[in-house]
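A.B. asks: Note that the numbering used here has the sequence shown beginning at 982, numbered continuously upward.
Using N, Cα and C, we set each Cβ at its ideal position, and we do this for glycine too.
The following block contains the structure, expressed as C-alpha cells.
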Amino acid sequence: MDAQDRPDVAIVGGGIVGLATAYRLVEARPDLQIAVLEREPQVGTGQSSRNSGVLHAGLYYPPGSAKARWCTAGKQQLEAFCTEHGVPVAHTGKVVAAVDRDEIPRLHALEERARTNGVEVERLGPQGVLDHEPHLRALAGLWSPRTAVTDFGAVCRALAQRIDAAGGQVHTSAEVVDLEQTPEAVRLVVTTRDDGTVPGAARRTSEVTARTVVTCAGLQSDRIAALAGTAGAERIVPFRGAWLRLRGDAAGLVRGNIYPVPLPGLPFLGVHLTKRIDGQAWIGPNAVLALAREGRGPWSVDLQDLADTLRFPGLYRLARRHLPTAVAEIWRDRVLRATVREVQRYVPDVEVADVERGPWGVRAQMLEPSGEMVDDFRVRRHGRVVSVLNAPSPAATASLAIGAEIRDQVLTHLP
Ligand SMILES: Cc1cc2nc3c(=O)[nH]c(=O)nc-3n(C[C@H](O)[C@H](O)[C@H](O)COP(=O)(O)OP(=O)(O)OC[C@H]3O[C@@H](n4cnc5c(N)ncnc54)[C@H](O)[C@@H]3O)c2cc1C
C-alpha cells in the first residue's frame, strides 16, 4: 500500500466481516476505490477460520435484536454466495437436546423464541430425537432443519477473490498502526511487510488517506476504535474456546449438530457436537479466559493483553457473577475426562478413548465496565469512521447482512 493510494473507503481488518463489507461495497458502487487492510499474510485467519463452522439458523437471539435480524437474513445471503462461488455447504440440521427435566421449560422458551424470529423448528420427543441422532439420549429436543455447516475460511478467500475481480484491493501483511480523522479525510498509518509472507521481514511505513474508514478488527476492535474515536467504556476480553476431536469411527456418533440447552445469562451456546464440512466431528468449544488475544498457541501470554484484561473492572464483576461456571470451564479445559463426562450426559456412547485434543480459537467478547457481556452486535459511527465493535457468533453466518448494513451507513455519507 502506497501513500499515493487514496481509497474512498479503507476497511481495517480482512476477517469475514471486513471482507463481506468490502464485497457489499464493490458490488453496489464499482466506481468507488475500496481497500481492505489486513495485518496477517492471508485473509480470514483470525476468528473467521477458527470457529465451529456452523451456519446458524437464528433460533437463540432476542427478537428485534441485530443478531436476530442479521443472522436469518445473512444466512440466506451467505448460502446463495456459497452456491454461486463453489464454497461447499452441508445442510446437516441441529438438535437442541434437553436431558434434565428442568431444561424442558427452557427448551420450550427457545422454541417460542425461534418461532417469533420466523425460524423453522420442530419439537421432538425421545424417539424423534433418536430418528435424527441415533446416539443422542434426551427427554425432549428441538429440531432445526435449516442449521448448516460450511468452511468460513474458504468463504473469506472467495470474498477476497470477488473483491479483487470487481476492482477492489485486498492488501495483506498491512497493519494499521495509527488513525486520525480530519474534517476532510481519515489518515491511516500503515506498516507493510515487504514480501508479505515472512514474519519479521523488512517493514516499511506509509501514510494513506481515505475518505471514510470502516474498522472490523475482531480481537483488536476496541483498540482500533480508541484510535478512531469510536470507542466507549467497553473492552474486548478474550475467551479461548478449545475443541476435542472424535477419532476414527467415533465421528459417526454425530450426524449433524447436537447442542445442549444454553445456560441463561451467558452468550456462549455450550459444548456441542458438530459434524464438520470435512467429515470431522468436533466437541466444544469451551470458554476460558485467554492470556493473549492473538497468541500462536493456546497458552501464549501477551503481557500487554493480560495487563489490559486484568486492569478492566468489568472482568471482576463478571467473575463474581459467574464464578462457578468459570471454575467448571477451567476444570473441563484441563481434564479431558471431565468434558467427556459432560458430553456423556447426552451422547453416552462417547468414551475417553474416542477423543483427542483438537484446535482452538479465541473469541472477541465485549464486556461493559459493569461486567455485563455485550451480547448483541455493536456498530458505532463517529465522523468519517464506522466501527464494528462487537461481532461475536453468529457474525460469520450474518457477515453479508452486517456488510450490507455498514455499506448503507457508509454510502449515505459518501455521495
Ligand atoms: C471458538 C469460536 C467459535 C465460533 N463459532 C461460530 C459459528 O459456528 N458460527 C458463526 O457464525 N460464528 C462463529 N463464531 C464467531 C465468528 O467466527 C466471528 O464472529 C467472526 O469470525 C468475526 O469476524 P471478524 O471479521 O469480525 O473478526 P476476525 O476474523 O477476527 O477478523 C479481524 C481481522 O482484523 C485483523 N486486524 C486486527 N487488527 C488489525 C490492524 N491494526 N490492521 C490490520 N488488520 C487488523 C486481524 O488480523 C483479523 O484478520 C465463533 C467464534 C469463535 C472464536
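At 3 residues or longer, and completely inside the segment 1138-1167: list those beta strand (DSSP E) runs for me, N to C.
C.D. replies: 1150-1152 and 1155-1162
A.B. asks: My understanding is that Y927 touches K1075, with C-beta atoms under 8 Å, so please give their C-beta distance in whole angstroms.
C.D. replies: The requested residue 927 is not part of the displayed model; the chain covers only 982 to 1396.
A.B. asks: Let me see if you follow: with CB-CB separation under 8 Å, is R1228 close to chain C or not?
C.D. replies: Although the question refers to chain C, the structure presented lacks it and comprises just one protein chain.
A.B. asks: For G1384, count neighbouring Cβ atoms within 10 angstroms of its own Cβ and tell me buried if that reaches 16, exposed if not.
C.D. replies: For this step, residue 1384 is matched to residue 403 along the sequence shown. By the neighbour-count rule (16 or more Cβ atoms within 10 Å), G1384 is buried.
A.B. asks: Beta strand (DSSP E) containing H1363: first to last residue?
C.D. replies: Your numbering for residue 1363 matches position 382 in the sequence shown. Where H1363 is concerned, the enclosing beta strand (DSSP E) stretches over R1359 to H1363.
A.B. asks: Looking at the secondary structure, which residues open and close the alpha helix (DSSP H) in which L1287 lies?
C.D. replies: Position 306 of the sequence shown, counted from the start, is the residue given in the question as residue 1287. Here the alpha helix (DSSP H) through L1287 covers L1284 to R1292.
A.B. asks: State the start and end residues of the unbroken beta strand (DSSP E) segment that holds A991.
C.D. replies: Numbered from its first residue, the sequence shown carries residue 991 at position 10. Element bounds for A991: V990 to V993.
A.B. asks: Is the segment 1189-1197 touching the segment 1360-1370, taking contact as three or more C-beta pairs under 8 Å?
C.D. replies: yes
A.B. asks: Inspect the CB distances between the segment 1119-1139 and the segment 1090-1109 and report whether three or more fall short of 8 Å.
C.D. replies: They touch, by the three-pair rule.
A.B. asks: Could you name the residues that DSSP lists as bridge partners for K1129?
C.D. replies: Position 148 of the sequence shown holds residue 1129. With the sequence shown as reference, residue 1129 is identified as Ala, and Lys is not the correct amino acid for it. L1036, per the DSSP bridge assignment.
A.B. asks: Mind checking who N1371 pairs with in its DSSP beta bridge?
C.D. replies: Position 390 of the sequence shown, counted from the start, is the residue given in the question as residue 1371. Partner(s): R1359.
A.B. asks: Consult DSSP for V1070 and reduce its assignment to one of helix, strand or coil.
C.D. replies: Residue 1070 sits at position 89 when you count from the first residue of the sequence shown. Three-state result, V1070: strand.
A.B. asks: Spatial neighbours of P1011 within its chain, please: CB distance less than 7 Å, with the 5 preceding and 5 following residues excluded, ordered by chain position.
C.D. replies: Counting from one through the sequence shown, the residue named residue 1011 turns up at place 30. Cβ neighbours of P1011 beyond the five flanking positions: A1147 and G1148.
A.B. asks: Apart from the five residues on each side of it in sequence, which residues of its chain come closer than 7 Å, Cβ to Cβ, to Y1004?
C.D. replies: Stepping through the sequence shown from its first residue, residue 1004 is reached at position 23. Excluding residues within five positions, the ones whose Cβ falls inside 7 Å are L1140, R1143, I1144 and G1384.
A.B. asks: Nearest to V1171 by CA position, among D1081, A1016 and L1040, is which residue?
C.D. replies: Taking the first residue of the sequence shown as position 1, residue 1171 is located at position 190. The shortest Cα separation from V1171 among D1081, A1016 and L1040 belongs to A1016.
A.B. asks: Does ligand 1 have a heavy atom nearer than 7 Å to the CB of P988?
C.D. replies: On the sequence shown, position 7 is the one that residue 988 refers to. For ligand 1, not one heavy atom lies less than 7 Å from the Cβ of P988.
A.B. asks: Could you round the C-beta distance between G994 and E1019 to whole angstroms and report it? I think they count as a contact, below 8 Å.
C.D. replies: Along the sequence shown, read from residue 1 onward, the residue named residue 994 stands at position 13. Along the sequence shown, read from residue 1 onward, the residue named residue 1019 stands at position 38. Between E1019 and G994 the Cβ distance is about 7 Å, and since that is below 8 Å, they are a contact.
A.B. asks: Three or more C-beta pairs closer than 8 Å, one from the segment 1194-1214 and one from the segment 1162-1170: is that the case here?
C.D. replies: Counting Cβ pairs under 8 Å, three or more are found: they touch.
A.B. asks: Look up W1224 in the DSSP assignment and say whether it is helix, strand or coil.
C.D. replies: Here residue 1224 refers to the residue found at position 243 when the sequence shown is read from its first residue. In the structure shown, W1224 sits in a strand (DSSP, three-state: E or B).
A.B. asks: Could you name the residues of the same chain whose beta carbon sits closer than 8 Å to that of V1282, not counting the 5 residues immediately before and after it, in chain order?
C.D. replies: The residue you call residue 1282 lines up with position 301 of the sequence shown. Counting only Cβ-Cβ distances below 8 Å, and skipping sequence neighbours, we find L1272, A1273 and G1276.
A.B. asks: Whose C-beta lies closer than 7 Å to the C-beta of R1302 among residues of the same chain, with five residues either side of it excluded?
C.D. replies: One-based indexing of the sequence shown puts residue 1302 at position 321. Closer than 7 Å at Cβ, skipping near neighbours: G1352.
A.B. asks: Enumerate in chain order the residues of its own chain whose CB-to-CB distance from P1279 is below 7 Å, with the five nearest sequence positions on each side excluded.
C.D. replies: Here residue 1279 corresponds to residue number 298 of the sequence shown, with the count starting at 1. Taken in chain order, the residues that qualify are R1221, A1223 and W1341.
A.B. asks: Suppose the cutoff is 6 Å on Cβ atoms and the five residues either side in sequence are ignored; what does the same chain contact list for L1013 look like?
C.D. replies: Taking the first residue of the sequence shown as position 1, residue 1013 is located at position 32. Around L1013: D989.
A.B. asks: When DSSP labels each residue in this structure, what does E1188 get in the three-state scheme?
C.D. replies: The residue you call residue 1188 lines up with position 207 of the sequence shown. The answer is strand: DSSP assigns E1188 an E or B state.
A.B. asks: For G1222, verify whether its CB is less than 7 Å away from any heavy atom of ligand 2.
C.D. replies: Here the bound small molecules are ligand 1; ligand 2 is not part of this structure.
A.B. asks: Tell me where the beta strand (DSSP E) around Q1346 begins and ends.
C.D. replies: Locating residue 1346 in the sequence shown gives position 365, counting from the first residue. Taken as a continuous stretch (DSSP letters only), the beta strand (DSSP E) holding Q1346 covers V1336 to L1348.
A.B. asks: Considering Cα atoms alone, identify which of D1335, Y1041 and L1111 is closest to L1227.
C.D. replies: The residue given as residue 1227 occupies position 246 in the sequence shown. Of D1335, Y1041 and L1111, the residue nearest in Cα terms is D1335.
A.B. asks: Just the C-alpha distance for R1094 and A1166, rounded to the nearest angstrom, thanks.
C.D. replies: Within the sequence shown, residue 1094 is the residue found at index 113, counting from 1. Within the sequence shown, residue 1166 is the residue found at index 185, counting from 1. Spanning the two alpha carbons is a distance of roughly 44 Å.
A.B. asks: Can you check which of these residues, V1360, A1376 and P1375, is closest to D1389 by C-alpha distance?
C.D. replies: Indexing the sequence shown from 1 puts residue 1389 at position 408. The shortest C-alpha separation from D1389 is found at V1360.
A.B. asks: Nearer than 7 Å: is that true of the beta carbon of V1167 relative to any heavy atom of ligand 1?
C.D. replies: The residue labelled residue 1167 in the question sits at position 186 within the sequence shown. Incorrect: V1167 has no Cβ contact closer than 7 Å to ligand 1.
A.B. asks: Following a CB-centred definition, is N1197 positioned closer than 7 Å to any heavy atom of ligand 1?
C.D. replies: Here the question's residue 1197 lines up with position 216 in the sequence shown. Note that residue 1197 is Cys in the sequence shown here, rather than Asn. Answer for C1197: yes, Cβ within range of ligand 1.
A.B. asks: Can you find a heavy atom of ligand 1 that lies under 7 Å from the Cβ of E1019?
C.D. replies: For this step, residue 1019 is matched to residue 38 along the sequence shown. Yes, ligand 1 has a heavy atom inside 7 Å of this Cβ.
A.B. asks: Measuring CB atoms only, is the segment 1292-1311 touching the segment 1042-1051, in the sense that at least three cross pairs come out at less than 8 Å?
C.D. replies: no
A.B. asks: What whole-angstrom Cβ distance do D1132 and V1068 have, given they're in contact under 8 Å?
C.D. replies: The residue you call residue 1132 lines up with position 151 of the sequence shown. The residue you call residue 1068 lines up with position 87 of the sequence shown. Yes, they are in contact, since the Cβ atoms of D1132 and V1068 sit about 7 Å apart, within 8 Å.
A.B. asks: Around the Cβ of R1096, are there at least 16 other Cβ atoms within 10 angstroms (buried) or fewer (exposed)?
C.D. replies: Against the sequence shown, residue 1096 aligns to sequence position 115. Exposed is the call here.
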